[in-house]
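Inspection log for the structure reproduced underneath, given as structure tokens.
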Amino acid sequence: MNKFDVMNELIKKNNGYLYTSDVEKENISRTYLAQFVKKYNLERVAQGIYITSDTWQDDLFILQKCYPKAVFSGETALSLHVLIDREYNDIRVSVPKGFSGSRLREKGVVVHQEKEENYDLGITEVKTIFGNTVNCYDKERCICDLVKSRGKIDVQNYQTAILEYMRSKDKDLSRLVKYAEKLGVYDEIMMYVEVLV
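Heads up: the sequence shown is residues 44 to 240, going by our numbering.
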């Protein structure tokens, strides 16, 4: 198999994406990569990330590849879990305290710095609308964060997300209560659980 064949296999394996890091792991020089990109008319969507002309650009997936510590949260996470019926207005992520979010903010991403002890709480993998896997807070964490920032969220999104979660068959109320205790929203969460379940 020649070097171009190897890169074509990488594209197939990665659903239309080609990563410079994968190419380098195959001991293929950047010169060959540049020739390949030109020959096959690949588009550079971020540093070290290329897509084919027939691949839909998945902004959430690309952001996750560039910033692996970023976890989708807020309305972005609610949308990924289909707990709201609208698409998010801004991309929102949570990062651990001390992580510099300046480059993300330059891209228009809303960055929330999370205490180290809460950052990992509820991280799960979900599929984007394009079928790519990204890190996101689970539904229970999303509901706790929603209640915590009640005054800052669109009222319709707030109500829809709470109702959709409480109606869902895959809700985990014991996990929700555990998260609520840890995040300081136990009383508010219990009010919703008692009224809506």
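Cβ coordinates follow ideal geometry from the N, Cα and C atoms, glycine included.
A quick note: this is a predicted structure, and the numbers were derived from the prediction, not measured.
If I measure Cβ to Cβ from residue i and keep anything under 6 Å in the same chain, skipping five residues before and after, which residues do I get?
i: D133; result: V153
i: L239; result: M209
i: G144; result: V138, V154
Suppose the cutoff is 7 Å on Cβ atoms and the five residues either side in sequence are ignored; what does the same chain contact list for residue i look like?
i: Y110; result: L147
i: K170; result: T176
i: E159; result: P139, K140
With 16 as the cutoff for other CB atoms within 10 Å, does residue i come out buried or exposed?
i: E149; result: exposed
i: I172; result: exposed
i: R73; result: exposed
i: V198; result: exposed
i: N200; result: buried
My output table needs one value for residue i: the three-state DSSP class, helix, strand or coil.
i: A120; result: helix
i: F47; result: helix
i: S137; result: strand
i: L126; result: coil
i: V88; result: strand
i: T176; result: strand
Among the candidates the options, whose CA atom is the shortest distance from the CA of residue i?
i: E86; options: Y75, W99, Q199; result: W99
i: Y131; options: A120, K221, S137; result: A120
i: E207; options: S72, R129, E224, E168; result: R129
Could you check whether the Cβ of residue i sits closer than 7 Å to any heavy atom belonging to the ligand HEM?
i: N132; result: You won't find the ligand HEM in this model; it holds no ligand whatsoever.
>> I want to know whether the stretch 168-183 touches the stretch 120-132 - three or more CB-CB distances under 8 Å.
In response: yes
> Counting pairs of Cβ atoms below 8 Å between the stretch 182-202 and the stretch 226-235, do you hit three or more?
Replying inline: yes
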